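K.L.:
Below you will find the structure I want to go over with you.
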Amino acid sequence: MATEFTSDDAAAPPAVAYVLADHLDAALAAAEDLEAAGGNWCARRTAAAGDTLAERAAERAVVEDVRRHEAMLIGRVLMARRRATELAAVADHFSGIARLFVGGTAVLVDAVAELGDSTLADFATGDCLIAFLRSRGVIADDAAGLPESREVTFDQRFLVAGRISLAPLTDMIVAFLDVLEANYDLYPDGIDGDLQDADAADETGGCHAAGDVGAAWAAEPASPASYGAYEVKEEIGVTDAAEPAAAANDLTSDPTAADIMAHTPATMSSSAHSSGASDSLVSRLGAVARSGSAPHA
1402 MATEFTSDDA
1412 AAPPAVAYVL
1422 ADHLDAALAA
1432 AEDLEAAGGN
1442 WCARRTAAAG
1452 DTLAERAAER
1462 AVVEDVRRHE
1472 AMLIGRVLMA
1482 RRRATELAAV
1492 ADHFSGIARL
1502 FVGGTAVLVD
1512 AVAELGDSTL
1522 ADFATGDCLI
1532 AFLRSRGVIA
1542 DDAAGLPESR
1552 EVTFDQRFLV
1562 AGRISLAPLT
1572 DMIVAFLDVL
1582 EANYDLYPDG
1592 IDGDLQDADA
1602 ADETGGCHAA
1612 GDVGAAWAAE
1622 PASPASYGAY
1632 EVKEEIGVTD
1642 AAEPAAAAND
1652 LTSDPTAADI
1662 MAHTPATMSS
1672 SAHSSGASDS
1682 LVSRLGAVAR
1692 SGSAPHA
């Protein structure tokens, strides 16, 4: 049974809703960047054509870019899981859909330990590029190496952390974000007008220099929505991570991470290496988004 939101709910969304929306939006951006980074595979190899060492270095550079964006995507999703739980605590009508999202993304929880400590993977594969591509579904599991043309594609079938395809993961994020925007007036029309006025003032020299604004913003976020951009940096270190492993290690060392990532074995066994549960979740989230209301627990 669905519960309709009142005008008061829409007028005054809880602060955590802004932070949650920020994490979801940033996760989508990371997913897009991941695909874009993978799309550079052929271009970089072509630029280095004729030099075998340069070609291999170009391939490695693309894979490292993909890994970096993958780590940021995972970090944002895990923080979104935490904020979804907090939102459910202050808005009962979101408890059901929050559990759906948390359960559907539980397969990424174990990835944190692997990204934080790559010793086992490095020992087993020697940080081999081919092993990484196999684990992400870019090439076949039994492939001895790259195709003869050495051309591969990073698309929506990419297995994030080797567990869930990029397509259903992004669909879940989009559906949850749609539910938030449908039920909460997170971005009123007045905000767009203010932003346009700020842009106009900037063009006429009325705004501060970009560096000064950036420094002031970094020192003190101006709104709940802006806080989310710093949350990953401060709590798990993903945004400034030079290496994905270091970023994930920060996450595993966070004393609150255990609470954030708590999940049941039953959830893991039913969702690991399976897109069926994800597809079902996407359908349910999409139905809620279209109806403009959230289900009870």
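Throughout, the numbering used here is defined as the position within the sequence shown, counted from one, plus 1401.
Note that CB positions come from ideal geometry on N, CA and C, so glycine has one too.
Only a predicted model underlies this, so the values are computations on that prediction, with no experimental measurement involved.
Could you tell me which residues DSSP pairs with residue 1566 in its beta bridges?
P.N.:
Per DSSP, 1560.
K.L.:
Do the CB positions of residue 1546 and residue 1531 come within less than 7 Å of each other?
P.N.:
Contact: yes.
K.L.:
Work out the CA separation of residue 1480 and residue 1626 for me, nearest whole Å.
P.N.:
Because residue 1626 carries a pLDDT of 38, less than 50, the predicted location of this residue cannot be relied on, and the following value inherits that uncertainty. Going by the C-alpha atoms only, they are around 14 Å apart.
K.L.:
Can you list, in chain order, the residues of its chain with a C-beta nearer than 7 Å to that of residue 1526? Leave out the 5 residues immediately preceding and following it.
P.N.:
Same-chain partners within the cutoff: 1532.
K.L.:
Output the boundary residues of the alpha helix (DSSP H) element that contains residue 1502.
P.N.:
That run of the alpha helix (DSSP H) goes 1496-1505.
K.L.:
Measure the alpha-carbon distance for residue 1458 versus residue 1553 and round it to whole angstroms.
P.N.:
Cα to Cα, the separation comes out at about 16 Å.
K.L.:
Taking one C-beta from the segment 1428-1446 and one from the segment 1509-1520 each time, how about it: are there three or more such pairs within less than 8 Å?
P.N.:
Output reads no: the segment 1509-1520 does not touch the segment 1428-1446.
K.L.:
Output the boundary residues of the alpha helix (DSSP H) element that contains residue 1536.
P.N.:
Run containing residue 1536: 1530-1536, per the alpha helix (DSSP H) assignment.
K.L.:
Got a sec, what are the start and stop residues for the alpha helix (DSSP H) residue 1546 sits in?
P.N.:
Here residue 1546 belongs to no alpha helix (DSSP H), and DSSP marks it neither H nor E.
K.L.:
Compute the distance between the beta-carbons of residue 1537 and residue 1560, then report whether it is under 7 Å.
P.N.:
Yes, Cβ-Cβ distance for residue 1537 and residue 1560 is below 7 Å.
K.L.:
In the structure shown, what three-state DSSP assignment does residue 1416 receive?
P.N.:
Correct three-state label for residue 1416: helix.
K.L.:
When we look at the beta-carbon of residue 1571 and count the other beta-carbons within 10 Å, is it buried (16 or more) or exposed?
P.N.:
Buried is the call here.
K.L.:
With H, G and I counted as helix, E and B as strand and the rest as coil, what does DSSP make of residue 1584?
P.N.:
In this structure, residue 1584 counts as helix in the three-state DSSP scheme.
K.L.:
Using a Cβ distance threshold of 8 Å, determine whether the segment 1462-1475 contacts the segment 1428-1440, with at least three qualifying pairs required.
P.N.:
In short, these stretches touch, since the Cβ pair count reaches three.
K.L.:
Could you name the residues of the same chain whose beta carbon sits closer than 7 Å to that of residue 1487, not counting the 5 residues immediately before and after it, in chain order?
P.N.:
Taken in chain order, the residues that qualify are 1417.
K.L.:
Whole angstroms is fine: what's the gap from residue 1415's alpha carbon to residue 1491's?
P.N.:
Distance between the alpha carbons of residue 1415 and residue 1491: 8 Å.
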